[in-house]
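J.: Structure provided below as structure tokens; questions to follow.
2 protein chains.
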Amino acid sequence: MATRRRVSNPLALAVLGCLAERPMHPYEISTTLRSRGKEQSIKLNYGSLYSVVESLVKHGLIRPQATTREGRRPERTVYEITEAGTSEFEEWLAELLSTPVRDFTSLEAALSLMPGLPPDEVARLLEDRAVRLRIELGALDAGQQVSDEMGLPELFTIESRYRHAILSAELDFVVDLAKRIRSSKLGGTKLWRRIHELRASGMSFEEITADPVRHLGEEARVLAPPTAEQ
Amino acid sequence: MATRRRVSNPLALAVLGCLAERPMHPYEISTTLRSRGKEQSIKLNYGSLYSVVESLVKHGLIRPQATTREGRRPERTVYEITEAGTSEFEEWLAELLSTPVRDFTSLEAALSLMPGLPPDEVARLLEDRAVRLRIELGALDAGQQVSDEMGLPELFTIESRYRHAILSAELDFVVDLAKRIRSSKLGGTKLWRRIHELRASGMSFEEITADPVRHLGEEARVLAPPTAEQ
DNA sequence: TTCCGGATACTCGATTCAGAGTATTCGGAA
DNA sequence: TTCCGAATACTCTGAATCGAGTATCCGGAA
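Quick note, the sequences are listed as chains A and B, same order.
For the first sequence, position 19 matches number 104 in my numbering, and the numbering has no gaps at all.
For the second sequence, position 204 matches number 289 in my numbering, and the numbering has no gaps at all.
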């Protein structure tokens, strides 16, 4: 995420979005987002909410409109959006929609370190994941059906359609990868299996990489210089 | 990301992965990851690297093995992984592979606030995004071809295959969504367009939602109670 | 009537993160 | 020979994040 924006937490965008509708106090913003199911797509927790609000005030994107108190409850500060806040909201949202950014997902991180576990275990773990993904997809379908029955237009739940599309793609990928590992059709699987066999028999990683071709065969020649890549 | 783990930054997992191969000093870890292209999948910056290393030491997952210095260069501290660190690496990696977590992507956040911009602008922005996604996919293909020509087994670049799969799915989704907005086939598009027309003509959001059915027609009845969902 | 759990509305401090900045060395060009 | 830019190897500080904790009120069950 570009830190170019003064306030970079997506929660700030959601806050601006709420205040573009009408003035609210922070807690009301949180319940509004929650009731609309947006906390599924935008990480929301109190600590961040209040600090983000403060930061928006500091940058002139929102301003306190009134503070009230009922009984001995804590004070409530109602905020309204400013002109600058309105443009920031529109520009920021436009940028997020039009420009892909690198978001680092945990599966991508895991896949990039995958060779650290033995192939058959990885295949098993990915098969587990597939089961869980199917469950999540089922839950998304159910939620969608509820929204449909309520007559809520698709527009307002489009983010869950997106999630569905992405999770489906992940499922396909994971199922295919597990299969290709099982069948050793994934390039490098034999190498991978052999390395973990040697390690299981007590050989250290350093011994193996010291003379990879000897321990692993010709396929391992690429490992000799520390896998330089582009 | 579950904060259940003592050190939750995925960079820590990468550090453990490197040290599982052999002892290294932090800067060497960073260059190793970089040369293997892993910084594409795991966010890496110095500040985080050094604090993550310190945190791993504190939790007994790695330990300093030696500190050396050459000339008047800064000291280098070489770290090695501990027993506890090895199991943490294996368990953590297994968990990441087997268990989907909610990662909040910026597009999902943007889509969930999409109604904040008028439909035709959103369609245009999504079409822009599609262009950029095609470019990125092209770059991924090119990178893959380079790896192939170098004889690097698929295993070691699997994360970029994953990224390719996910970006393709995103592209399909975005293209389809833009079309459905343009053609008003997305449920709620007419409502959406009408709201922005009214706002463009000076009416405030609050006036509109005060009597949605009157301003927007029957389709807007769902807006009357603040979009309760689930 | 009293108790309890859930909702209301924040506050606080301890991490964690980010990335610009610092200081040194090295290799090659001029 | 000297200069410059790239690489080496971190350090530092302010900002962001998180989620547990606090205090109050309300409605219903016992």
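Every residue, glycine too, gets a C-beta built ideally from N, C-alpha and C.
Predicted model only: the values in this text are computed from it and were never measured.
Name, going along the chain, the residues of the segment 141-168 of chain A whose beta-carbon falls closer than 8 Å to a beta-carbon of chain B.
T.: So nothing in the stretch comes that close.
J.: Are any of the Cβ atoms in chain B nearer than 9 Å to that of M86/A?
T.: Low local confidence applies: a pLDDT of 40 at M86/A is under 50, so the model's placement there is unreliable, and no value is given.
J.: Please name the residue, chosen from P149/B, N94/B, S120/B, V216/B, that lies closest to G132/B on a Cα-to-Cα basis.
T.: Per the Cα distances, N94/B.
J.: Return the first residue and the last residue of the alpha helix (DSSP H) that P111/A is part of.
T.: Residues 111-120.
J.: Whose Cβ in chain B lies nearer than 9 Å to the Cβ of K264/A?
T.: Chain B residues near K264/A: none, gap ~14 Å exceeds 9 Å.
J.: Would you check if the distance between the CB atom of R284/A and the CB atom of A208/A is smaller than 9 Å?
T.: No, Cβ-Cβ distance for R284/A and A208/A is not below 9 Å.
J.: At the level of alpha carbons, what is the spacing between L198/A and A99/B?
T.: The alpha-carbon atoms of L198/A and A99/B are separated by roughly 7 Å.
J.: Take H300/B and list the residues in its own chain whose beta-carbon comes closer than 7 Å to its own, dropping the five residues that flank it on each side.
T.: Only L283, I293 meet the Cβ criterion.
J.: State yes or no: is the beta carbon of R214/B nearer than 9 Å to at least one beta carbon in chain A?
T.: Output row for R214/B: interface = yes.
J.: Could you name the residues of chain B that P200/A contacts, counting a contact when the two beta carbons are closer than 8 Å?
T.: Correct list: L240, F241.
J.: Does the Cβ of M86/A have 16 or more other Cβ atoms within 10 Å, making it buried, or fewer, making it exposed?
T.: Per-residue confidence for M86/A stands at a pLDDT of 40, beneath the threshold of 50, marking its modelled position as unreliable; the derived number appears in the next sentence. By the neighbour-count rule (16 or more Cβ atoms within 10 Å), M86/A is not buried but exposed.
J.: Can you list the residues of chain B that L218/A reaches, using a CB-CB cut of under 7 Å?
T.: Neighbours of L218/A on chain B, chain order: P185.
J.: Counting C-beta neighbours from all protein chains within 10 Å, is the total for M235/A 16 or more, i.e. buried, or is it exposed?
T.: M235/A is exposed by the Cβ-count criterion.
J.: Going by beta carbon distance, what residues of the same chain come within less than 6 Å of S232/A, once the five residues before and after it are set aside?
T.: For S232/A, where only same-chain residues beyond five positions count, the Cβ hits under 6 Å are T242.
J.: CB L202/B to CB E175/A, shorter than 9 Å?
T.: Cβ distance < 9 Å, so L202/B and E175/A count as in contact.
J.: Tell me the rounded alpha-carbon separation between I280/B and P111/A.
T.: Approximately 25 Å, taken between the alpha carbons.
J.: Entirely within the segment 220-256 of chain B and at least 4 residues each: give me those alpha helix (DSSP H) ranges in chain order.
T.: Those alpha helix (DSSP H) runs which fall completely within the segment 220-256 of chain B and span 4+ residues do not exist here.
J.: Quick check on T162/A: does DSSP put it in helix, strand or coil?
T.: Looking at T162/A - three-state DSSP - the assignment turns out to be strand.
J.: Specify the secondary structure class of R209/A as computed by DSSP and reduced to three states.
T.: It is helical.
J.: Using DSSP with H/G/I as helix, E/B as strand and the rest coil, what is P149/B?
T.: In the structure shown, P149/B sits in a strand (DSSP, three-state: E or B).
J.: Please state whether DSSP places V216/A in a helix, a strand or coil.
T.: Helix, per DSSP.
J.: Name, please, each residue of chain A whose Cβ falls closer than 8 Å to the Cβ of S191/B.
T.: Simply M86, P95, L181, V186, D188.
J.: For a test of the three-state rule: what should DSSP assign to R107/B, helix, strand or coil?
T.: Coil.
J.: Can you name the start and end residues of the alpha helix (DSSP H) that E291/A belongs to?
T.: Its alpha helix (DSSP H) spans residues 290-295.
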